[in-house]
Structure formats: structure tokens, C-alpha cells
Amino acid sequence: MTTEQAAQAVDDTMKAPPPMYDPMDDADDDDSVVEEYDQAELDYAMMERNDSGNAKRLYHRYGNDLVHVSRIGWHCWNGKYWDREEGDLEVMRRCRDVSTSIQGPEAAALYQYLMGRRDDDGNPKQVKKAANDAVIRHRKFGERSGDLAKIKAMTEISKVDLSRPPDALDKHPFMLSLGNGTITLPDPSDTSGKDQVRKRRFKRSDYISRIGNVVYDPDAECPQWRGFLNIVQPDPDIQRFLQSYMGYCLTGKTTEQVLVVNYGGGANGKSTFIETIARIMGSYSASVPIETFMADGRKGGGDATPDLVRLPGVRLVRAAEPEVGSRLSESLVKVITGGEEVSARALYKEQFTFSPQFKLVLSCNHKPNIYGTDDGIWRRILLIPWETTIPEEQRDAGLPAKLQAEASGILNWLLDGARMWAECGLHIPDTVRAATSEYRQDSDPVGQFLEICTAKAPGETVTSARLFEVYERYCRANAIPVVSQRGFNKALQAKGYVRMKSSTMMWKGLIITDDMGLSSEAADSISATTGDSVDGADDDAY
Numbered sequence: 008m009t010t011e012q013a014a015q016a017v018d019d020t021m022k023a024p025p026p027m028y029d030p031m032d033d034a035d036d037d038d039s040v041v042e043e044y045d046q047a048e049l050d051y052a053m054m055e056r057n058d059s060g061n062a063k064r065l066y067h068r069y070g071n072d073l074v075h076v077s078r079i080g081w082h083c084w085n086g087k088y089w090d091r092e093e094g095d096l097e098v099m100r101r102c103r104d105v106s107t108s109i110q111g112p113e114a115a116a117l118y119q120y121l122m123g124r125r126d127d128d129g130n131p132k133q134v135k136k137a138a139n140d141a142v143i144r145h146r147k148f149g150e151r152s153g154d155l156a157k158i159k160a161m162t163e164i165s166k167v168d169l170s171r172p173p174d175a176l177d178k179h180p181f182m183l184s185l186g187n188g189t190i191t192l193p194d195p196s197d198t199s200g201k202d203q204v205r206k207r208r209f210k211r212s213d214y215i216s217r218i219g220n221v222v223y224d225p226d227a228e229c230p231q232w233r234g235f236l237n238i239v240q241p242d243p244d245i246q247r248f249l250q251s252y253m254g255y256c257l258t259g260k261t262t263e264q265v266l267v268v269n270y271g272g273g274a275n276g277k278s279t280f281i282e283t284i285a286r287i288m289g290s291y292s293a294s295v296p297i298e299t300f301m302a303d304g305r306k307g308g309g310d311a312t313p314d315l316v317r318l319p320g321v322r323l324v325r326a327a328e329p330e331v332g333s334r335l336s337e338s339l340v341k342v343i344t345g346g347e348e349v350s351a352r353a354l355y356k357e358q359f360t361f362s363p364q365f366k367l368v369l370s371c372n373h374k375p376n377i378y379g380t381d382d383g384i385w386r387r388i389l390l391i392p393w394e395t396t397i398p399e400e401q402r403d404a405g406l407p408a409k410l411q412a413e414a415s416g417i418l419n420w421l422l423d424g425a426r427m428w429a430e431c432g433l434h435i436p437d438t439v440r441a442a443t444s445e446y447r448q449d450s451d452p453v454g455q456f457l458e459i460c461t462a463k464a465p466g467e468t469v470t471s472a473r474l475f476e477v478y479e480r481y482c483r484a485n486a487i488p489v490v491s492q493r494g495f496n497k498a499l500q501a502k503g504y505v506r507m508k509s510s511t512m513m514w515k516g517l518i519i520t521d522d523m524g525l526s527s528e529a530a531d532s533i534s535a536t537t538g539d540s541v542d543g544a545d546d547d548a549y
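What follows is the structure in C-alpha cells.
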């Protein structure tokens, strides 16, 4: 056999690789010891020497530990959960390992395999030369595979086999991964009467991408935490509500459809309370700029929303102090508390949708403005008053560290809260209902206008056009968004006022006490010009 024939035989072998290795095939075959090569590495060596072949190598070598989530990015299995933070770096490391393996164990297996072949003439020198040439080509291909362009090509092609949709992750709302295992949480639909909190080992197949910053110890206690709560929230009903609500926050459910607003001045414990729980929940918790949920901070439909992109799988979202006068985005609050899908888009990536699992908790000294008056928004708001002020001489700068030392015990407190929620739902204290009702009254711009600029007067009337003009002036003077005249009319009707039509549209039982500088001549001009027909097309709707 000539050198050219030997080389051709090698190439033919590369094009037609041997079958996949099965250890049982060699059980009774003593001749197998002649071929001292790693069959698995030879199988890799026989894959195509191109980007698609490298994608196959990446998939077969490391596919169990890598997953690409469409429109979000790479995740890697770290032994406990699917890690997004390290995903992009880990896939690059694995691609580099593929390049190294091509040059090392693959090339070695290929050489040993080819050296084990015998040519017709029994010329070992020619076989060795052909084997050396094949290995040199293989190693050069491995070197090129480590180039950045080749690594990028490998990762792009690998997405075909390793991609999952965004909703494939974190789809078990009653599972919670912690430092020493995954626990199951109380499920309201389980009527077995057995304790549902159980710990088991981590599993790739759960596709959990979050982990708590605590270990589960069912015997742990938290005396410091309970003492802290007795000081900052001495009302046992509020304590019970906070425990059941924060236990509910451990789950991935949003069925309660509420937004909690922790409200009070400084030095009252509300920040310590929520931050302690957030640290325990680890990556299940996220802090988001308050502007994300404010009406003046909302982005357009096509804009990137990096704050929302971080939230799939998160179960507790906390946002801090809004600026005085900030207005809550009522439409967004309804979406995220109602379980509707949320659209998000990372910078330079495509938009995707996800079902929120997170519960939004605001902590503020100034209540955000809510101008909507309908139950659609207000039935979701729960204002928790934090009225205790800790004197400066009693404040303990080391308290956060002391509470963190009780993390496993505080987790048990949260799990007891989850049990309470699963059994009885959220029991809202009368104190919270009263505070929320007062918040609603204070946030009603039409109600505030009526209180400041009008008075009830049985038997009296005011023209619809004049009243609306004074209302517009009031809003402009106080930097309050103006509702439409139709919305204004609906708000008055909801408060019990009646419209009637005389020569023009009138409101009964109401007079203007402060016209905000609107002269009588201007008011008459408005009525004469409009005939109060501004909203006449909607008369039948009332």
C-alpha cells in the first residue's frame, strides 16, 4: 500500500465512522485490548470538522449542563439551579473546552485507532505516517475551533438543540430551591391534611433558575425576629397578615391580586423587615427602580425594558421611595397583579412575554398618587401603616446581621405563613382596610376638587360646562392630570350627583365655591359657546 493509499484509507474511515461504543460488545472479546483508545473520544473525533460538527461536540459533551432560553440567554447548571448570571460565560468556557478536547483526547483516540489498523502489505511505517498526518490535521482544526468567530458559530448552531422557551423555566409555583435542597410549599389545592413542606435533592429536570440564600432546618427558631416584630408592628392582626402574605410571596402564585404598600416615616422598621426577607429569598427576590411602576417612567411598546427582563421566576419585587407627587402606573399594576402576561425586551434582543410570579411590595414615606377611582385598581391596593418610630438611642446598627443569623428560623416563620395562606387565604385586618380607604379618599382628584371648590346645595344647579372648566383650572394649578369630560361625569355620578337637561346640561345639588379665577363673563361665554354640548353626544350613556 502506498502512502497515498494509506491516506485515502484514513479519509475513508473519517467519512464512515465505526458504530457507537457499547462496553457489552467487548465482554467476551479478548482482541478488544489491542485497540487501546477511548471509544467515546473517537466518536467525537469522527464528527464533522466544521461548525456544525463542533455544535454536536458541545451538545454531546456538555448539553446536560447548558440550556439556551429563547430571547433571554444562556443558562448553566451549577449543581443546584440553572444559573443565568454565569450562563454566557459558561457556554464560552465549554466551547473552549471543545477546542482543547479536539486537540487532546480526540486526537489521541484517533491516532490510537488508526495505528491499530493493518494495511494489506503490512507496512506499519505508512500506516504511522498516515495516522500522524490525520492527527496533525485534526489538531489544526481544533486550534481554529478556539477562535472567537468559531466559538460564536458553535454557540449559535447549538441553540438548535439546546433552546427552551421562556416558560420552560420556573414553572413549578410550589417548589423553592434553597442552599441544601428543593422544598415543596403548601398548596391550597392539596386537601390531604398532611404537611406539604418536604425537602428533596436538586434536579436539572425541574428547570429552576432561582435559589434562596438560606438552608432549610425545620428545627430552627428566630427569637430576635419575633422580638423585632413585636416592637415595630405590635398589632397581632397586622403581624399575622404580614406573616401570611410574605409566606404567600414564597410561592409562584399571584392569585391574591394585591399590591402591598408599606407606609410610614423613617426609623420604623419597614425597610429592615422587607430587606431581611429579601436576603433570605436570594435570587427569588429583586429590587427594581420605582420608576418602572410609575406612569411617567413607563417606556413605549418597542423600547427595551431591562428592569422587567430580570423578573421571570422572581417571586418578590421590592421598590423603594417614589418622588413626591409620582403617579403609579395603574394599567401596569393591574397587569402584574392580575396574572396577565407581561411583555419585556432586553437591549438589542427580541421581545418576549412571561407570566409574572412576583408580588410587588412598595416601601415609602410618601404615598404614590393613584388617580383612578374605580374598584379595578383600588381592590388591589393594601396600605400597611408602620406607625412606630424607634428612638435614636434604641436603634441597633447590628440588627440586620443578628436577623441574618436567624435566617433558617425566619424561613420557618415564612413557611408557617405559607401554611396559613394555603389554609385560610389572606385575612386583611380592619386597620389595613381603614388605612387603604383613607388612602383612596386622599388619592381621588375629582373628590378633592369637589371638596375644595364646590359645596352641596339642595335645590341649586350648576352648568356642566362651567363645572368642568373650573375642574380643569384646578388640575392645572395643582399639576394633576385632567380626566376626560366623560370620565369626570362618570366620577360625579358615582358620587351620587345627578345630571339634568334644561336649556343646557346641569348638575343638581351643587354650587361652585371657588371658581379658580374663572370670571362670570368667561363662564357665560363657555356655556353660550358650547351650549354644554361638549359631552352631549354621550347623554344617552348616563
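Mapping of the sequence shown onto the working numbering: residues 8 to 549, in sequence order. Every residue gets a Cβ at the ideal spot worked out from N, C-alpha and C, and that includes glycine.
Straight-line Cα distance separating residue j from residue i
i: Pro230; j: Thr189; result: 25 Å
i: Cys102; j: Val439; result: 55 Å
i: Gly200; j: Ser415; result: 24 Å
i: Thr344; j: Leu367; result: 8 Å
i: Ile232; j: Glu445; result: In the sequence as presented, Ile is not what sits at residue 232; that position holds Trp. About 30 Å.
i: Thr107; j: Leu121; result: 21 Å
i: Val265; j: Ser450; result: 18 Å
i: Ala227; j: Gly86; result: 25 Å
i: Arg480; j: Leu525; result: 8 Å
i: Gly219; j: Leu410; result: 16 Å
i: Val321; j: Leu185; result: 14 Å
i: Gly405; j: Ala412; result: 11 Å
i: Ser338; j: Ala326; result: 17 Å
i: Val221; j: Ala141; result: 53 Å
i: Met253; j: Pro329; result: 22 Å
i: Tyr504; j: Lys374; result: 29 Å
i: Tyr378; j: Ile287; result: 35 Å
i: Val268; j: Pro243; result: 19 Å
i: Glu150; j: Arg68; result: 18 Å
i: Lys157; j: Ser165; result: 12 Å
i: Glu93; j: Gly346; result: 29 Å
i: Leu236; j: Gly424; result: 14 Å
i: Tyr51; j: Leu192; result: 43 Å
Per DSSP, cross-strand counterpart(s) of residue i
i: Val349; result: Phe361
i: His75; result: Trp81, Ser170
i: Cys550; result: Not covered by the structure: residue 550. The range shown for the chain is 8 to 549.
i: Lys508; result: Met512
i: Thr191; result: Met182, Arg205
i: Asp90; result: Cys83
i: Arg473; result: None, per the DSSP bridge assignment.
i: Ile518; result: Ala462
i: Arg334; result: Asn376
i: Ala52; result: Its beta-bridge partners do not exist; DSSP assigns none.
Per-residue burial, residue i [other beta carbons within 10 Å of its own, 16 or more giving buried]
i: Thr258; result: buried
i: Cys256; result: buried
i: Glu97; result: buried
i: Asp197; result: exposed
i: Leu176; result: buried
i: His75; result: buried
i: Gln500; result: exposed
i: Pro465; result: exposed
i: Met512; result: buried
Residues of its chain near residue i, where Cβ-Cβ distance is below 7 Å and the 5 sequence neighbours each way are ignored
i: Asp90; result: His82, Cys83
i: Asp224; result: Ser415
i: Trp420; result: Cys229, Trp232, Gln250
i: Thr360; result: Glu348, Val349, Ser350
i: Met21; result: Note on Met21: pLDDT 44, under 50, position unreliable in the model; no value is reported.
i: Glu43; result: Gln119
The beta strand (DSSP E) enclosing residue i, as first and last residue numbers
i: Asn269; result: 266 to 270
i: Cys582; result: Residue 582 is absent from the model: the chain starts at 8 and stops at 549.
i: Leu323; result: 323 to 326
i: Pro392; result: 388 to 392
Continuous alpha helix (DSSP H) stretch holding residue i: start and end
i: Pro398; result: That residue, Pro398, is in no alpha helix (DSSP H); it is neither H nor E in DSSP.
i: Arg447; result: 437 to 449
i: Pro243; result: 243 to 256
i: Ser491; result: Where Ser491 is concerned, there is no enclosing alpha helix (DSSP H), given that its DSSP letter is neither H nor E.
Cut-off 6 Å between Cβ atoms - residues of its own chain near residue i, not counting five sequence neighbours on either side
i: Ile385; result: What sits at residue 385 in the sequence shown is Trp, not Ile. If we look at Trp385 and ignore the five residues flanking it on each side, its Cβ neighbours are Arg447.
i: Ala498; result: Thr380, Val453
i: Leu49; result: Ala116, Tyr120
i: Leu422; result: Val204
i: Ala138; result: Tyr118, Leu121, Met122
i: Arg211; result: Trp84
8 Å CB neighbourhood of residue i in its chain, flanking five on each side removed
i: Leu354; result: Ala311, Pro313
i: Thr283; result: Trp232, Pro407, Leu410, Gln411, Ile417
C-beta neighbour in chain C for residue i, strict 8 Å
i: Arg171; result: The structure shown has no chain C; it contains just one protein chain.
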